[in-house]
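In order, the protein sequence lines correspond to chains A and B.
Going by full-length UniProt numbering, the first residue of the first sequence is number 1, and it counts up by one from there.
Going by full-length UniProt numbering, the first residue of the second sequence is number 1, and it counts up by one from there.
Glycine is no exception: its CB is placed at the ideal position from the N, C-alpha and C atoms.
Computed from a predicted structure; not experimentally measured.
Here is the structure we will look at.
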Amino acid sequence: MSKRYHIAIVGAGPAGLSAAGRAAHYDAESGAAEPTYILLEGFNTFAKTIQKYQKGKHVMDEPGFLNLRSEVGFTAGKREEILGVWDEALAAGINIRYDSEVVAIDGEKGGFNLKLGSGDAVEAEHIVFSIGTQGNPRTLGVPGDAESDFVRYTLDDPEDFKEETIVVVGAGDAAIENAIALSDYNKVFIINRRNEFSRAKDGNLNAVLAAINDKNRPFYCVYEANVAGLELPSAPGAKGAIVLSTPSGEERIECHRIIARLGTIPPRKFVESCGIVITSDNPEAVPDVDRHYQSNVPGLYIIGALGGYPLIKQAMNQGYDVVEFINGKDTKPADYPLLQDQFSGLPYVMDAEDVLDLYQQRVPMFRHMNPLAFRELIIESRIIVSLPPAELARAPQGGERSTAFVAAGEPLYRNGEFSTTFYTLVEGEVQLQLEKDGPWHTIKPGQFFGEMSLISGRPRQGDAVVSEDAILIETPRRIMVKLMNSNKEVSSGIDRIFVMRALQAAFRPQLTLEELGNIAGQVETRQYKAGEVLFTEGEEGDCLHLIRSGTVMLTRGGANLVVNQNHSGELAGQMALMGAPRRRDTATAAVRTETIVIRQAEFLALVGSQPEHVATLQGRLSEVLRKSNSMASQPQAAGAIGFLMGQGLGEATNALVIDETLCVGCDNCERACAETHNGISRLDRESGASLAGLHVPISCRHCELPHCMKDCPPDAIRRSANGEVFISDSCIGCGNCETNCPYDAIKLSYAAPKKPGLLSWLLLGRGPGPGEPESFTPSAAAKDAGKKAVKCDACMGRPGGPACVRACPTGAAVRVSPEQFSELVEGH
Amino acid sequence: MHTSLLAWRNFRYGKWALLLGVIGIGLYLSQGGNAAQPPNGGTWQGYVLGTVGALLIVWLSVLGVRKRRYSSAAGTVQGWTSAHVYLGAVLLLIGTLHSAAQVGWNVHTLAYALMCLVIFSGFYGLYVYIHLPGHLATNNAGKDRDAWLEELADLDSNIRDTVESCDAELQAMALSALDLTQLGGSTWQQLTARDGSRIVLPGQSKAVSNAEQGIIVNALSERIPDARKQSQAEVLNELLALFGRRRVILHLLRQDVRLKGLLKVWLFVHIPLTIALLVALSIHIFSVFIYW
Ligand SMILES: Cc1cc2nc3c(=O)[nH]c(=O)nc-3n(C[C@H](O)[C@H](O)[C@H](O)COP(=O)(O)OP(=O)(O)OC[C@H]3O[C@@H](n4cnc5c(N)ncnc54)[C@H](O)[C@@H]3O)c2cc1C
Ligand code: SF4
Ligand code: SF4
């Protein structure tokens, strides 16, 4: 009869290695003569996933705020170094068995039987599954996508290919790393299904954006493209082609090879055959485990990537912890202190792990999330507790990651404030308005709010006031976007509420939540790219658009004569449902826009329930018509707005516009900017487009949904409550924002040397004087510190407002938001 | 939304200046005036007018300081400039009333004269500030100088390529037109937008004026009817078009230089004169107190 092990660890990746290391430690401590554990690896060497990384890959040790807890070492470094360290750890005495793929499991806790591919069997009391997710790669899903010389799902050595045209499909880390390495010797196209690289890790993000921008590198990216078909090469070595469907139509790229890195599907079948239940059908779903990583099968534990934690450090920490748990130690996970700190200000004494479980159960939308994913969400969020004002003063002031206290009865945010975080209420109550001075709605525990600004980027509409003893989770937009991208349940849950609340705000219907929910289920959400047309002048309309995000401009008579513009929360084309079906204007998305389409039936249901509000709607419509009419009768002004929209100002919140007929070109604005911003001007007055006396200089316009914020690794770009988008000191100078800003408003610069005071300049002739040119040689220290991103911060917090405007002697420079455009162009 | 500096806050400082002017005239007239004591700077009214004038002069020159205090929260520069213009204008009246038309070859009259010069140069500055920006915008047609220079450079390299297929004579002429093009030049040339471009004609060694690309454009248009081959005519036509565009851009750039120059150059008079005025004013006041 074969030996029965205390623990069998399946899979020798970072998670399995770390678990084995801890188990070996226990053996050493207890002086066991024979190992009480076994590490079973299907491959002929350890850590197949890491072995398959590209040669020389820089492996990152994110997340930075988490400490490593493992008998086996790991720090960021080259793949080879890391494998070397693990090799040594193995040599020091870890009981590993290679070429031992586990193919089936039966038995139960205390007496599992693991069948190996070779036909052997191993008995164990406990099983730790650390088999990763590299099981089977996701395929292209079109005819001809079977792995071949032309279509590949792995890349061992990029130097195997030279002087070819290669298409890399995918936008994750593997795709990026492969594509960049291949572009050293080949022409490379990388195909991204989305319009940004949101799934990639920070370092890779920087690298891919740099590669796309590098004019000397034959590296091209096709965004928003799906693979529509393949044309296999007629003969080995000949070119084939890939057909893509893109927003601008089909695109065909001839190539020698396609490397598809679309991620992997968890080895689900095998896992399920072991009795492990995976509740969701979603291919990305992972098995549920409790907080000891135990699956629904008692005695069977799941850690690492298979459990939904896709980073090495996390996998290794779990490997350590799981052995502790199996040995009956209630060890706290390595991120436990982080959680504890976050929950430190809660009004009850409860273990952080229990709080975590409790909160997940409290919020229906999060209930079905993987507990570990929920844990990640909490770790990235802020826990807010409301206190009576008197107690607030006495509340302990914790660090940045600990509980935040706010005053009860006071607004959490106010109407018009710029913030895009997402709030989930766990305890207490929140009174919420959906529009300025609108009616109050009560938010109960388990509900969420803040989705309006999350989705539209517009300032908050209405206030949100917390009651006493409320507890909230405030999650940054970045994390919510990631979650919504990967979790259908969360994204559709948020979407549904968004639509319901948007309808509530727009129509104030007197409907039960259920009726409203039904309507929300019927309406359709549509996406438009900049320049796409929603409806055309003269056609018969049968719907109206409630704008979800972006800006819609209405033109009449000519392409660029803009008679009106609508922003999120506003209606476009409502005339069609209010008695005049013929469209009077053409509606075009000025920037990327999403709308909710409402047809007759839904419209009637909404307004029919609240006849008093019809008068309000009619009043608003007349206002709109009056405005459009006044614009339409001034083609000059309408053309000027068309020009401003063409400059992307439709998504601006605060833009500098110069009246060329007043500007004397003294550049005092630029100087004022430099003088008030460490010697570097953030605006370039002369460049930028002009039309009919209006000039839009190159400077930040503080976009509704700032493009620059998208991929900032340290999350250094922030938006203040007043709307200024600014860059904090934590910038690492990676340049992503510079790439992402479509308006050239960000530049990377060394710190400028300090200027001499006015007197020493005047009397001693020292250095450049006030407002003198900013061409400077950076000091050695500044060079050492590296370049950082600089941009306009709209003179945040400066008394009197933006220095550029205040310094203009002729009144040519003004800062405006789109609402003020019509006022701006009158008379131009 | 955009308001000019004159109309700032609904002509606030215009109204102030008007009021000040009326008070000044009232003061002046109140001196009565008989043969023994005609109105002059020595009466108490004259002193008041003189003091107000001196304070105005000092305050007006402080604009240069305020303009450079970029983080100052003391009003906007536009407001200051608006006040500067109106109060500067009324200073002419105050100063004149104070002097009561008593002139002579002395430091007092020097101060007065300098004050007038400063104010008139200011009037000129105001004139260019109000009129030229519009011209400048129209002239530059929505592009900045760099963009025009870039287009010019593209044109030039295009011409160089095109002219390669022409005979040596034309080639030399066209290239000399490119090489001897002048933009900028002396201050005077800049401010008058005078075109000092030249060209070397075939068979000559001295360059002649090619102002507004006239010579080369003429030469090309004269050659087109003589072209023997169609291909040759095409090249010539193309060159003509390129030089035609070149003429427009060069003209535009020269106007750009001229207008921007005019917007600045008056300050080179206004500011040094202001400093001279401040010196003369100090001597004037000092001497009045000494010889009282
Ligand atoms: C290209 C790429 C780059 C990455 N870069 C980084 C990075 O820089 N930093 C970072 O932290 N993370 C990175 N990751 C993620 C990281 O590799 C994984 O999170 C990590 O490897 C997960 O570890 P694991 O132990 O759970 O699984 P794996 O590392 O996948 O290990 C699973 C092991 O189990 C074995 N196995 C599978 N099935 C069986 C079976 N039935 N029987 C026996 N053995 C089996 C496999 O052969 C393998 O050796 C990257 C991933 C990829 C693909
Ligand atoms: S830097 Fe660019 S993207 Fe960012 S807010 Fe300003 S204009 Fe928008
Ligand atoms: S702010 Fe700094 S760190 Fe953030 S994206 Fe820009 S350059 Fe990178």
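Sheet register partners of residue i (DSSP bridge)
i: glutamine 565/A; result: Met553/A
i: cysteine 543/A; result: Arg599/A
i: threonine 246/A; result: Gly249/A
i: arginine 526/A; result: Thr595/A
i: proline 411/A; result: Val465/A
i: valine 816/A; result: Ala655/A
Anticipated Cβ contact below 8 Å, residue i with residue j, distance rounded
i: alanine 520/A; j: arginine 496/A; result: 6 Å
i: tyrosine 301/A; j: tyrosine 293/A; result: 5 Å
i: valine 188/A; j: proline 218/A; result: 7 Å
i: alanine 789/A; j: cysteine 731/A; result: 5 Å
i: cysteine 342/A; j: serine 402/A; result: In the sequence on display, residue 342/A carries glutamine and not cysteine. Right, the Cβ-Cβ distance comes to about 6 Å (below 8 Å), so this counts as a contact.
i: threonine 133/A; j: alanine 12/A; result: Incorrect: roughly 15 Å between the Cβ atoms, too far for contact.
i: arginine 69/A; j: alanine 334/A; result: 4 Å
i: leucine 694/A; j: glutamate 670/A; result: The pair is not a contact, with the Cβ atoms about 18 Å apart (cut-off 8 Å).
i: alanine 225/A; j: arginine 193/A; result: 7 Å
i: methionine 115/B; j: leucine 824/A; result: Going by Cβ atoms, the distance from methionine 115/B to leucine 824/A rounds to 40 Å, so no, they are not a contact pair.
i: alanine 506/A; j: leucine 554/A; result: At roughly 18 Å, the Cβ-Cβ gap does not stay under 8 Å, so alanine 506/A and leucine 554/A are not in contact.
i: glycine 125/B; j: tyrosine 112/B; result: In fact, because the Cβ distance is near 20 Å, the residues do not count as touching under 8 Å.
Interface residues of chain A facing residue i [CB-CB closer than 9 Å]
i: leucine 183/B; result: Here the premise fails: no neighbours, minimum Cβ distance about 17 Å.
i: glycine 134/B; result: Glu660, Thr661, Leu662 and Gly693
i: tyrosine 129/B; result: Leu662, Val664, Pro809 and Thr810
Under 7 Å from the C-beta of residue i: neighbouring residues of chain B
i: aspartate 659/A; result: His2
i: threonine 676/A; result: Tyr70 and Ser71
i: glutamate 819/A; result: Chain B residues near glutamate 819/A: none, gap ~12 Å exceeds 7 Å.
Partner residues on chain B for residue i, Cβ-Cβ distance less than 8 Å
i: alanine 803/A; result: Tyr70 and Ser71
i: leucine 824/A; result: Met1 and His2
i: arginine 671/A; result: Tyr70
i: proline 799/A; result: Ala73
i: glutamate 594/A; result: Simply none; closest approach about 30 Å.
i: valine 816/A; result: Met1
Partner residues on chain A for residue i, Cβ-Cβ distance less than 7 Å
i: isoleucine 266/B; result: Sequence check: residue 266/B is tryptophan here, not isoleucine. By Cβ distance, chain A contributes nothing, its closest Cβ being about 11 Å from tryptophan 266/B, past 7 Å.
i: glycine 142/B; result: Ala689, Ser690 and Leu691
i: leucine 191/B; result: Those within 7 Å of leucine 191/B in chain A number zero; the least Cβ separation is about 15 Å.
i: leucine 5/B; result: Pro809, Thr810 and Gly811
Amino acids of chain E, ordered along the chain, whose beta-carbon sits closer than 8 Å to that of residue i
i: valine 77/B; result: Looking at the structure shown, chain E is missing, and the protein chains on hand are A and B.
Contact list for residue i against chain B, beta-carbon separation under 9 Å
i: glutamine 397/A; result: In chain order: nothing, as chain B lies at least about 31 Å away.
Closer than 8 Å: residue i CB and nearest ligand 4 heavy atom
i: glutamine 134/A; result: In the structure shown, ligand 4 is absent; the only ligands present are ligand 1, ligand 2 and ligand 3.
Contacts that residue i makes with chain A (C-beta to C-beta distance below 8 Å)
i: threonine 81/B; result: Pro809 and Thr810
i: leucine 49/B; result: Residues of chain A passing the Cβ test: none, with the nearest at roughly 29 Å.
i: tryptophan 8/B; result: Gly811
i: lysine 67/B; result: Asn668, Ala807 and Pro809
Q: May I ask you to verify whether the region 614-628 of chain A touches the region 798-813 of chain A, counting CB pairs closer than 8 Å and requiring at least 3?
A: In this structure the region 614-628 of chain A does not touch the region 798-813 of chain A; the number of beta carbon pairs closer than 8 Å is below three.
Q) Between the region 701-714 of chain A and the region 440-449 of chain A, are three or more C-beta pairs nearer than 8 Å? A) No, because fewer than three Cβ pairs between the region 701-714 of chain A and the region 440-449 of chain A fall closer than 8 Å, the two stretches do not touch.
(Q) Any contact between the region 506-514 of chain A and the region 529-536 of chain A? By contact I mean 3 or more CB pairs, one from each, below 8 Å. (A) Taking a cut-off of 8 Å for Cβ pairs, the region 506-514 of chain A and the region 529-536 of chain A do not touch, as fewer than three such pairs fall below it.
(Q) Does the structure place the region 46-56 of chain A close enough to the region 105-125 of chain A that three or more beta carbon pairs sit under 8 Å? (A) No: fewer than three Cβ pairs fall under 8 Å.
Q: Report yes or no: do three or more beta-carbon pairs, one from the region 402-413 of chain A and one from the region 468-477 of chain A, lie closer than 8 Å?
A: Yes: at least three Cβ pairs fall under 8 Å.
Q. Three or more beta-carbon pairs under 8 Å between the region 544-557 of chain A and the region 445-458 of chain A, yes or no?
A. At 8 Å Cβ cutoff, the stretches touch.
Q: Taking 8 Å as the threshold, find out whether the region 45-65 of chain B comes into contact with the region 775-786 of chain A through three or more Cβ pairs.
A: The region 45-65 of chain B makes no contact with the region 775-786 of chain A; the number of CB pairs closer than 8 Å stays below 3.
(Q) Along the region 243-263 of chain B, where does the CB come closer than 7 Å to a CB of chain A? Name the residues. (A) The residues in question are Lys260 and Leu263.
Q.
Does the region 234-246 of chain A come into contact with the region 265-278 of chain A, if we say contact requires no fewer than three beta-carbon pairs (one atom in each stretch) closer than 8 Å?
A. The answer is no - the region 265-278 of chain A does not touch the region 234-246 of chain A, with fewer than three Cβ pairs under 8 Å.
Q) Is the region 742-755 of chain A close to the region 677-685 of chain A, with three or more CB pairs under 8 Å? A) Counting Cβ pairs under 8 Å, three or more are found: they touch.
Q: Mind the definition here: the region 256-265 of chain B touches the region 78-97 of chain B only if three or more C-beta pairs lie below 8 Å; say whether that holds.
A: Too few Cβ pairs lie closer than 8 Å, so no.
Q | Inter-stretch contact at 8 Å, needing at least 3 Cβ pairs: the region 474-485 of chain A / the region 732-744 of chain A | A | No, the region 474-485 of chain A does not touch the region 732-744 of chain A.
Q. Are three or more beta carbon pairs between the region 556-571 of chain A and the region 638-652 of chain A nearer than 8 Å?
A. Flag = yes, the region 556-571 of chain A and the region 638-652 of chain A touch.
Q. What residues in the UniProt domain "4Fe-4S ferredoxin-type" (722-751) of chain A bring their beta carbon closer than 7 Å to a beta carbon of chain B?
A. Against chain B - using a Cβ distance shorter than 7 Å - the UniProt domain "4Fe-4S ferredoxin-type" (722-751) of chain A contributes no residues.
Q. When Cβ atoms are compared, which residues of the region 202-230 of chain B fall closer than 9 Å to chain A?
A. Within the region 202-230 of chain B, no residue qualifies.
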